[in-house]
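The letter at position 126 of the sequence shown is residue 472 when you use our numbering, and the numbering goes up by one with no holes.
Heads up, the beta-carbon is just placed ideally off N, CA and C, and yes, glycines get one too.
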Amino acid sequence: MTMNDTDPQEDLALARACARGDAAALTSFESRFIPPLKKSLLLRGLDVTTTDEALQLLRVKLFVPEGARPPRILDYAGQGTLLAWLRVAALRTALNMLRERKGAVGLDDSQLEEAAAPIDEADRRYIKDRYRKDFTEVFQEALKALPSRDRTLLRLHLVEGLGTAQIARAYRVDRSTVKRWLAQSREWLRTEVRVRLAARIGVDTPALGSLLRELQSQLDLSIRTAMRDPTPL
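Below, the structure is given as structure tokens:
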């Protein structure tokens, strides 16, 4: 069994032991997780010094209580592997550090988001599972906020299966106008989801870029699924 195949329940037991300050658990944590976390950050273009600083800050956040708040390692709930959860936490920590320094190093938000993007399937699966509920609710909210005509156009085209020529005849416009309307509707929806999702989960989380790329690649499928839901829009 590889590290990526570890049992989440075993990972959960290790996390709880680390939270108690168990020396053996902390030693195991250091040897099992710090090397792959360091590699993950370096692969995203971070220099060694920044990577080491981010991982040290991560250790403090994970294992040191903050007032009445218990160690953050206890936030891991055994959903997915501990390694995938830690990768997200490490990326968020590094991203926040870079954001604070971006004026000095010339980074913009798009570069920071790209640096935080997960690169393997394990990361993607964890992020999708972790934020699935947030994404679904935000998408439904954005779809309901879509202007009435745009929502009708998307329903006719994607759910009812009408072609752009048929819709053009119904609205007494030319086909290019319908194509433009549909493109504008999709873009409005993408933007609205981005704004709402950023407000809900935070613009500094690595999950945002991944979820939005997922939206971009499966937008029409998401619209069809939502509009076929028996709950009225």
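Would you kindly check if the distance between the Cβ of residue j and the Cβ of residue i is under 9 Å?
i: Asp398; j: Lys384; result: yes
i: Gln355; j: Gly424; result: yes
i: Leu492; j: Glu538; result: yes
i: Leu444; j: Leu504; result: no
i: Met573; j: Leu500; result: yes
i: Leu420; j: Ala369; result: no
i: Leu428; j: Phe379; result: yes
Alpha carbon to alpha carbon, how far is residue j from residue i? Give it in angstroms, no decimals.
i: Trp527; j: Pro411; result: 53 Å
i: Asp455; j: Ala545; result: Model confidence at Asp455 stands at a pLDDT of 46, short of 50, so the residue's coordinates are unreliable; what they give is reported in the following sentence. Taking the straight line joining both Cα atoms gives about 16 Å.
i: Gln564; j: Gly426; result: 23 Å
i: Glu487; j: Ser522; result: 29 Å
i: Val434; j: Ile513; result: 44 Å
i: Leu502; j: Asp566; result: 12 Å
i: Asp496; j: Ala516; result: 14 Å
i: Thr510; j: Lys479; result: 33 Å
i: Leu508; j: Glu483; result: 27 Å
i: Leu388; j: Val394; result: 7 Å
i: Ala400; j: Asp353; result: 27 Å
i: Gly367; j: Tyr477; result: 30 Å
i: Thr571; j: Phe485; result: 11 Å
i: Phe409; j: Thr396; result: 20 Å
i: Glu460; j: Ala359; result: A caution first: Glu460 carries a pLDDT of 47, below 50, which makes its placement in the model too unreliable to give a value.
i: Ala529; j: Pro417; result: 47 Å
i: Ser494; j: Arg518; result: 18 Å
i: Asp520; j: Tyr422; result: 55 Å
Run through DSSP, which three-state label would residue i get?
i: Arg415; result: strand
i: Val434; result: helix
i: Pro382; result: helix
i: Arg390; result: coil
i: Asp353; result: coil
i: Leu360; result: helix
i: Thr427; result: coil
i: Gln564; result: coil
i: Asp368; result: coil
i: Arg532; result: helix
i: Tyr422; result: coil
i: Arg518; result: coil
i: Val410; result: coil
Whole-angstrom Cβ separation of residue i and residue j, contact assumed at under 8 Å?
i: Ala436; j: Ser386; result: 7 Å
i: Phe481; j: Leu543; result: 7 Å
i: Leu489; j: Leu535; result: 7 Å
Count the other CB atoms within 10 Å of the CB of residue i; is the residue buried (16 or more) or exposed (fewer)?
i: Asp357; result: buried
i: Thr373; result: exposed
i: Ser568; result: buried
i: Pro381; result: exposed
i: Arg415; result: exposed
i: Thr439; result: buried
i: Ala361; result: buried
i: Ser531; result: buried
i: Val541; result: exposed
i: Val524; result: buried
Return no unless some Cβ of chain E is closer than 9 Å to the Cβ of residue i.
i: Gln530; result: Any reference to chain E falls outside this structure, which holds one protein chain only.
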